[in-house]
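Only one structure is covered here, and it is reproduced in the block below.
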Amino acid sequence: MPTETTKSIFLTGAREASPFILVVGPFGLLFGVVATEAGLNVLETMTFSILVIAGAAQLTALQLMTENAPTIIVIISALAVNLRMAMYSASLAPYIGPAPLWQRALAAYFLVDQSYGLAAVKYESEPAWTVRQRMAYFFGTIAPVCPFWYLSTLAGALIGSSVPEWLALDFAMPITFIALIAPALRTRAHVAAALVSITVALGLAFLPYNLGLLVAGIAGMVTGAEVERQTMKRAAS
Amino acid sequence: MIDTTTIWIVIAALGVGSYFFRFVFIGLIGDRALPSWILRHLRYTAVAVLPGLVAPLVVWPPATEGQTDGPRLIAALVTIAVGLWTRNVLLTIAAGAVALYLGLYIAG
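Residue numbers (this note's numbering), protein chains in the order written: chain L, 340 to 576; chain G, 44 to 151.
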């Protein structure tokens with residue numbers, strides 16, 4: 340539709356992203372609370388959420404820091420959780436690669452699960468869009484999501500230590516992660532990657548420095564990629 | 044308590060590293076095509092790391108000093124089942140929370 344203005348496309352993006360507030364809000368709140376319980380002050384917690392904007396990686400880092408894992412293991416494990424961002428970046432590059440550098444630099448900062456998921460689907464269904472229209476949509480999807488991420492983190496950090504013990508907040512993180520992963524187990528390759536990761540992580544839990552998790556992550560990743568390759572080969576032959 | 048210097052080192056490293064991952068293809072490589080084997084591996088990173096992080100916490104929860112805990116184990120299994128069944132993240136979190144609180148209440 341060539342009549343669509345960039346403004347209306349921006350608003351479409353914002354509207355289509357608004358349901359994600361329901362996911363991002365509780366997740367930010369959880370990070371704020373867990374970070375405060377782990378001893379981070381409000382400045383540290385907010386800087387964390389603003390610089391990294393990736394709840395799963397942030398909670399991974401917190402968890403490993405409270406287990407007193409060596410700093411380098413904390414960083415490598417949390418960055419491994421964020422490696423998927425490189426895939427998002429690669430997948431959007433053909434669509435927004437020609438945009439001005441400052442726009443791409445800004446879009447990179449805001450490249451999160453929600454903006455990627457929405458944009459990747461939309462760009463495919465609207466092949467006639469110009470680069471400008473694509474950028475308008477992308478920034479539209481960010482408008483409700485990221486401010487909400489910062490605000491809910493802040494709210495969590497402020498209520499932090501007043502959360503009562505019976506809420507068993509220690510287990511909110513595992514439940515949230517399982518709830519993020521289980522619906523994403525769409526293919527045999529995803530299931531295989533997850534199962535190998537679980538098995539190796541439990542089997543190597545005795546290793547020092549949380550090295551078991553690193554091995555589990557690599558094993559799971561290679562498994563997923565290999566199962567996908569075999570499946571494709573079988574489908575092609 | 045976590046050491047303040049450690050916290051800031053981790054925040055800085057994750058900030059820089061995550062931005063690099065996000066920027067590398069959009070910003071530096073542009074729209075040149077990537078080898079498919081790299082993309083294939085990147086696709087499975089989250090699903091390969093997060094289960095490995097969570098599994099020991101489910102089986103040996105730090106809150107019970109590593110003793111396997113019925114309510115927590117059952118809550119995790121309920122969460123997996125509801126997640127696979129509904130494919131809805133919010134509903135799944137809610138189901139996991141209900142299972143956990145119910146289990147903790149029954150276990151007293």
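Here a beta-carbon is modelled for each residue, glycine too, at the ideal position from N, C-alpha and C.
Name the residue from L/Thr-410, L/Gly-499, L/Asn-380 and L/Ser-428 whose alpha carbon lies nearest to the alpha carbon of L/Tyr-548. For the purposes of this step, residue 548 of chain L is taken as residue 209 along the first sequence, with counting starting at 1. Comparing Cα-Cα distances from L/Tyr-548 to each of L/Thr-410, L/Gly-499, L/Asn-380 and L/Ser-428, the minimum goes to L/Thr-410.
What residues from the stretch 361 to 380 of chain L come within 8 Å of chain G, judged by C-beta to C-beta, listed N to C? Leu-361, Val-362, Pro-365, Ala-377, Gly-378 and Leu-379
With 8 Å as the threshold, decide whether the Cβ of L/Glu-581 is near any Cβ in chain G. No information on residue 581 of chain L is available, as it lies outside the stretch 340 to 576 that chain L covers here.
Please state if the CB of L/Gly-499 and the CB of L/Thr-386 are separated by a distance shorter than 8 Å. The residue you call residue 386 of chain L lines up with position 47 of the first sequence. The residue you call residue 499 of chain L lines up with position 160 of the first sequence. No. Outside cutoff.
Where G/Gln-110 sits in the DSSP three-state scheme: To locate residue 110 of chain G, count along the second sequence from 1; it is residue 67. It is coil, neither helix nor strand.
At a CB-CB cut-off below 8 Å, which residues of chain L make contact with G/Thr-135? Numbered from 1 along the second sequence, position 92 holds the residue referred to as residue 135 of chain G. The contacting residues are Ile-517, Ala-518, Ala-521 and Pro-522.
Supposed contact pair G/Thr-88 and L/Ala-523 - C-beta distance, whole angstroms, cut 8 Å: Position 184 of the first sequence, counted from the start, is the residue given in the question as residue 523 of chain L. Position 45 of the second sequence, counted from the start, is the residue given in the question as residue 88 of chain G. With 8 Å as the limit, L/Ala-523 and G/Thr-88 do not qualify as a contact, their Cβ atoms being about 12 Å apart.
Classification of L/Asn-407 by the beta-carbon crowding that lies within 10 angstroms, buried from 16 upward: Here residue 407 of chain L corresponds to residue number 68 of the first sequence, with the count starting at 1. Answer is exposed; the Cβ neighbour count stays below 16.
Give a yes or no on whether the minimum CB-CB distance between L/Tyr-489 and chain G is below 8 Å. As a working note, residue 489 of chain L is residue 150 in the first sequence. It does not; no Cβ of chain G falls within 8 Å.
Report yes if the CB atom of L/Thr-384 is closer than 8 Å to the CB atom of L/Ala-496, and no otherwise. Walking along the first sequence from the start, residue 384 of chain L turns up at place 45. Walking along the first sequence from the start, residue 496 of chain L turns up at place 157. Yes, they are a contact pair.
Where G/Tyr-62 falls, given that 16 or more other Cβ within 10 Å makes a residue buried: The residue labelled residue 62 of chain G in the question sits at position 19 within the second sequence. With 16 or more Cβ atoms within 10 Å of its Cβ, G/Tyr-62 is classed as buried.
Is there contact between the stretch 86 to 106 of chain G and the stretch 527 to 544 of chain L, where contact requires at least three CB pairs shorter than 8 Å? yes
Tell me whether G/Ser-79 is buried or exposed, calling it buried when 16 or more other Cβ atoms sit within 10 Å of its Cβ. In the second sequence, counting from the first residue as 1, residue 79 of chain G sits at position 36. Per the 10 Å Cβ criterion, exposed.
Thinking L/Val-539 and L/Ala-564 are a contact (beta carbons under 8 Å), I'd like their distance in whole angstroms, please. Sequence index remark: in the first sequence, residue 539 of chain L carries index 200 (1-based). Sequence index remark: in the first sequence, residue 564 of chain L carries index 225 (1-based). Contact flag wrong, Cβ pair sits at about 16 Å.
Jot down the residue ranges of each uninterrupted alpha helix (DSSP H) in the stretch 504 to 537 of chain L, minimum 4 residues, whole runs only, in chain order. 511 to 520
Distance CB(L/Ser-434)-CB(L/Leu-450) smaller than 8 Å: For this step, residue 434 of chain L is matched to residue 95 along the first sequence. For this step, residue 450 of chain L is matched to residue 111 along the first sequence. Checking the displayed sequence, the identity of residue 434 of chain L turns out to be Tyr instead of Ser. Contact flag unset, no.
Using 8 Å as the limit for Cβ to Cβ distance, is L/Ser-454 near chain G? Position 115 of the first sequence, counted from the first residue, corresponds to residue 454 of chain L. No, L/Ser-454 does not count as interfacial toward chain G.
Chain L partners of G/Pro-117, CB-CB under 9 Å? The count along the second sequence starts at 1 and reaches residue 117 of chain G at position 74. Note on residue identity: the sequence assigns Ile, not Pro, to residue 117 of chain G. Residues of chain L passing the Cβ test: none, with the nearest at roughly 11 Å.
So what does DSSP say about G/Trp-51, is it helix, strand or coil? The count along the second sequence starts at 1 and reaches residue 51 of chain G at position 8. Note: G/Trp-51 maps to helix in three-state DSSP.
Short of 7 Å in beta carbon distance, which residues of its chain neighbour G/Val-141, apart from the five on each side in sequence? Order them along the chain. In the second sequence, residue 141 of chain G corresponds to position 98, counting from 1. No residues qualify anywhere along the chain.
Checking contacts by CB at 8 Å: is L/Val-470 closer than that to chain A? The structure shown has no chain A; the protein chains it does contain are L and G.
Specify the secondary structure class of G/Leu-85 as computed by DSSP and reduced to three states. As a first step, residue 85 of chain G is located in the second sequence; it is residue number 42 there, counting from the start. The answer is helix: DSSP assigns G/Leu-85 an H, G or I state.
Run through DSSP, which three-state label would G/Asp-46 get? Your numbering for residue 46 of chain G matches position 3 in the second sequence. It is coil, neither helix nor strand.
List the residues of chain G that L/Val-391 touches, going by C-beta distances under 8 Å, in chain order. Walking along the first sequence from the start, residue 391 of chain L turns up at place 52. What L/Val-391 touches in chain G: Ile-54, Leu-57, Gly-58 and Ser-61.
Judging by CA-CA distance, which residue of L/Pro-483, L/Val-502 and L/Gly-436 is the nearest neighbour of L/Leu-457? Walking along the first sequence from the start, residue 457 of chain L turns up at place 118. Looking at the Cα atoms, L/Pro-483 is the closest of the given residues.
Among G/Gly-151, G/Trp-128, G/Pro-99 and G/Thr-129, nearest to L/Met-512 - alpha-carbon criterion: On the first sequence, residue 512 of chain L is found 173 positions in, with the first residue counted as 1. Ranking G/Gly-151, G/Trp-128, G/Pro-99 and G/Thr-129 by Cα distance to L/Met-512 puts G/Pro-99 first.
Cβ separation of L/Ile-414 and G/Val-132, assumed to be a contact under 8 Å, to the nearest whole Å: Within the first sequence, residue 414 of chain L is the residue found at index 75, counting from 1. Within the second sequence, residue 132 of chain G is the residue found at index 89, counting from 1. The pair is not a contact, with the Cβ atoms about 27 Å apart (cut-off 8 Å).
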